[in-house]
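In what follows, a single structure is set out as structure tokens and then discussed.
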Amino acid sequence: MRHVQCNGARLCLRDVTEADVSALHAVYGDPAATRFMPFGALTSEQVGALVKEALEAAEDEPRRLYVFAVEDSDHHEVIGVARLHVETDLPHSAEIGLGLRPDQWGRGMGTDLIRLLLSFGFKQLGLHRVWGARSPDNLPAQLAMLTAGMVEEGRIRHHLPTPDGWRDSIVHSALEDEWTDR
Ligand SMILES: CC(C)(COP(=O)(O)OP(=O)(O)OC[C@H]1O[C@@H](n2cnc3c(N)ncnc32)[C@H](O)[C@@H]1OP(=O)(O)O)[C@@H](O)C(=O)NCCC(=O)NCCS
1 MRHVQCNGAR LCLRDVTEAD VSALHAVYGD PAATRFMPFG ALTSEQVGAL
51 VKEALEAAED EPRRLYVFAV EDSDHHEVIG VARLHVETDL PHSAEIGLGL
101 RPDQWGRGMG TDLIRLLLSF GFKQLGLHRV WGARSPDNLP AQLAMLTAGM
151 VEEGRIRHHL PTPDGWRDSI VHSALEDEWT DR
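Mind the numbering: the sequence shown is residues 1 to 182 in the UniProt record's numbering, read in order.
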């Protein structure tokens, strides 16, 4: 799917562009926002490289990677970033990730964003399973995923290498039939 635009009540998702590097750096360059990510705060150049990779991957056929600028619906200001990655060997399934600028936290936006990603994955991409992995210590992500309907599945031990050593992940998922029933 090309040129994604996905509108919710408070948030919109659209494909990232090179003009979004600075807005994305406000998330990926922030130590609080990257505290539970497997990498430390990124430089603007590193974010630029991520955006370049995302633009190249968006041309793949079939498309597997969607990297979105998250805009607030009122002002169309970019307040976060989200990604959805369809698994190569299991194309019914995709992993999501997300981050909002810290000044936007605590107002239900993270929960709304997860709901929007699930809606995009199930309704527009026809996926069966959408999952996300979080740090065991990431309480806001845990609560946002649970509230959005992503069931806690279990722990992957030593899932990711980080600068501080191996990190376990807690996996959450939503299934299309359960999600439709909600
Ligand atoms: C995870 C994240 C997107 C959540 O966004 P948010 O807009 O703050 O989340 P919400 O306002 O929707 O809150 C979700 C839940 O967490 C709770 N919460 C939010 N911040 C909290 C905090 N600091 N401590 C405890 N609970 C918190 C809310 O009360 C809410 O719980 P409820 O559903 O029971 O009411 C945001 O914290 C973020 O961008 N973090 C940095 C990146 C990150 O960790 N991404 C997740 C990777 S898996």
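Beta carbons are placed, not taken as given, at the ideal position from N, Cα and C, and that holds for glycine.
Specify, as a first and last residue, the run of the beta strand (DSSP E) that Gly97 falls within.
In the sequence shown, counting from the first residue as 1, residue 97 sits at position 97. First-last of the beta strand (DSSP E) with Gly97: Ser93 to Leu100.
Taking the alpha-carbon of Leu13 as reference, which of Val151, Ile170, Ala148 and Gln124 has the nearest alpha-carbon?
As a working note, residue 13 is residue 13 in the sequence shown. For the residues Val151, Ile170, Ala148 and Gln124, the minimum Cα distance to Leu13 belongs to Gln124.
Going by the beta-carbon positions, is the gap between Ala19 and Val27 smaller than 8 Å?
In the sequence shown, residue 19 corresponds to position 19, counting from 1. In the sequence shown, residue 27 corresponds to position 27, counting from 1. No; because the gap between Cβ atoms is not below 8 Å, this pair is not in contact.
Buried or exposed: Arg115, going by 16 or more other Cβ atoms within 10 Å of its Cβ?
Here residue 115 corresponds to residue number 115 of the sequence shown, with the count starting at 1. Classification for Arg115: buried.
By Cβ distance below 6 Å, which residues in the same chain neighbour Ala133 in space, the five residues on each side in sequence not counted?
As a working note, residue 133 is residue 133 in the sequence shown. Taking Ala133 as the centre and dropping the five residues before and after it, the same chain places the C-beta of Ser169 and Val171 closer than 6 Å to its C-beta, in chain order.
Leaving out the 5 sequence neighbours to the left and right, which residues in its chain are closer than 6 Å to His25 when beta-carbon positions are compared?
Position 25 of the sequence shown, counted from the first residue, corresponds to residue 25. Within the same chain, His25 has close Cβ partners Ser44 and Val47.
Using a 10 Å radius around the Cβ and a threshold of 16 neighbouring Cβ atoms, would you call Val151 buried or exposed?
Taking the sequence shown and counting its residues from 1, the one referred to as residue 151 is at position 151. Around the C-beta of Val151, fewer than 16 other C-beta atoms lie within 10 Å, and the residue is accordingly described as exposed.
Considering only C-alpha positions, which residue in the set Asp137, Ala141 and Leu55 is nearest to Gly149?
Taking the first residue of the sequence shown as 1, we reach residue 149 at position 149. Nearest of Asp137, Ala141 and Leu55 to Gly149, Cα basis: Ala141.
Is the CB-CB distance between Leu84 and Gly121 below 8 Å?
Residue numbering aside, residue 84 sits at position 84 when the sequence shown is read from its first letter. Residue numbering aside, residue 121 sits at position 121 when the sequence shown is read from its first letter. Yes; because the gap between Cβ atoms is below 8 Å, this pair is in contact.
What residue range does the beta strand (DSSP E) around Ser73 cover?
Along the sequence shown, read from residue 1 onward, the residue named residue 73 stands at position 73. First-last for Ser73: undefined, no H or E at that position.
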